[in-house]
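This report refers to the structure that appears directly beneath it.
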Amino acid sequence: MKDSSLITIIGFIMYIILSIIDKFIYTVPNIIYIPIGILSIIFVLMGSFINLKSK
C-alpha cells in the first residue's frame, strides 16, 4: 500500500512541477510537455489501481 501511494504522489508532483515551470518560469515545448504529462497521469492511475486491488 505504501508503494501505491508513493507512485500516486510522484505522479502528482511531476505534473505540478511541470505546470509551474510551464506557467511561471519557462514555456515548455509540447514535445516535452505531453510525454511528461501522460507519464504523470499513468503514475497516478497506476497508484490508484494498485491501491484498489490491495483493499
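Each number in the numbering used here corresponds to the 1-based position in the sequence shown with 1 added. Beta carbons: idealized from backbone N, C-alpha and C, even for Gly. Everything numeric in this text was worked out from a predicted model, so none of it was measured.
Give me, in chain order, the residues of the same chain whose beta-carbon lies closer than 7 Å to that of residue i; leave out the 5 immediate sequence neighbours on both sides.
{"i": "G48", "result": "S5, S6, I8, T9, G12"}
{"i": "I37", "result": "M15, L19"}
Could you check which residue in the options has the C-alpha nearest to that of residue i?
{"i": "I17", "options": "P30, I42, I32, F50", "result": "I42"}
In angstroms with no decimal places, state the Cα-to-Cα distance between residue i and residue j.
{"i": "I26", "j": "M15", "result": "15 Å"}
{"i": "T28", "j": "I22", "result": "7 Å"}
{"i": "I39", "j": "S55", "result": "24 Å"}
On the criterion of 16 or more Cβ atoms from any shown chain inside 10 Å, does residue i qualify as buried, or is it exposed?
{"i": "F44", "result": "buried"}
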